[in-house]
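Have a look at the structure below before the remarks.
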Amino acid sequence: MKMTAYLLTTVLIAIIVAPTVVVSIENGQERTNRKLLSKDREEAKNTEVAVVYFSRSGNTAVMAKTIAKIFNADLINIDASKYKIGFWGLTEAARSYQDREVEIDPKELDLSKYKKVFLGSPIWFYRPSPPIFEFAKNNKFNAKDVVLFNSYNSNFGQDHIDEFKSIVMSNGAKSFDHKAVKRGRMGSQISTAKFINIIENKFSKGENDE
Ligand SMILES: Cc1cc2nc3c(=O)[nH]c(=O)nc-3n(C[C@H](O)[C@H](O)[C@H](O)COP(=O)(O)O)c2cc1C
2 MKMTAYLLTT VLIAIIVAPT VVVSIENGQE RTNRKLLSKD REEAKNTEVA
52 VVYFSRSGNT AVMAKTIAKI FNADLINIDA SKYKIGFWGL TEAARSYQDR
102 EVEIDPKELD LSKYKKVFLG SPIWFYRPSP PIFEFAKNNK FNAKDVVLFN
152 SYNSNFGQDH IDEFKSIVMS NGAKSFDHKA VKRGRMGSQI STAKFINIIE
202 NKFSKGENDE
């Protein structure tokens, strides 16, 4: 009896406490990132480079903005309301991370003026998130250099990156590259300043993955 009560308590703690902690860490991240992101506005520029990205808690958004600054690129956010920040968005992300069909806005873009397109997303369960897969599936990358970039905590699976590459290449891309920046596990993440510094080094100086 005591054992059952102990097990039940442990399971309840796991079910209630773990998501609460994750949601609160994500909310904190989102607040910090939002402050940084709202400092200046993104404007359409006379450029041949586009940075298209999806982000829940703002890490990939910070990455996107830093890359856009380096390349003087247009910055385009993909919205997927299903995964918005907070408990329900997190639940959806955890429940349907393997989805290959999801409502995104914009779904298609006229990419004809760009020579290079960066596509950004967080890593969810070792793979780029469904919204960026959806975008890659719906768009043509004729004769463009495409770079997938990811923010992540600790690990991703190369097989999922290869799957993404095959979609982009079959939609016309000339080349594919992948760059990812690790933020560290929840609760022990690197500072935003360090994160931006790593992104700058990796993208402007072309440093290889650590
Ligand atoms: C549902 C979910 C699954 C995740 N899975 C992984 C994972 O497999 N590997 C990893 O390194 N990070 C994983 N993460 C952490 C995110 O990749 C990381 O926090 C990322 O920087 C979030 O980007 P964003 O702020 O742009 O949404 C996961 C996060 C969520 C919400």
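Be aware that the sequence shown starts at 2, since it is given in this note's numbering, and climbs by one per residue.
A virtual CB, placed ideally from N, CA and C, is assigned to each residue, including glycine.
Are the Cβ atoms of Ile71 and Ser155 separated by less than 7 Å? no
Check whether the Cβ of Ala94 sits closer than 6 Å to any heavy atom of ligand 1, and report yes or no. yes
Pick helix, strand or coil for Arg35, following the three-state DSSP scheme. helix
Taking Cβ positions, are Asp100 and Asp80 nearer each other than 7 Å? no
Under 7 Å, do Ile124 and Asn151 count as touching if we go by C-beta distance? yes
Test item: CB-CB of Ser56 and Gln30 under 7 Å: no
Please classify Met187: is it buried, with 16 or more other beta-carbons within 10 angstroms of its beta-carbon, or exposed? exposed
Rounded to whole angstroms, how far is the Cβ of Val63 from the Cβ of Leu91, which I believe are closer than 8 Å? Between Leu91 and Val63 the Cβ distance is about 19 Å, and since that is not below 8 Å, they are no contact.
Neighbour-count burial assignment, Gly87, 16 or more Cβ in a 10 Å radius: exposed
Alpha carbon to alpha carbon, how far is Ala95 from Leu112? Give it in angstroms, no decimals. 31 Å
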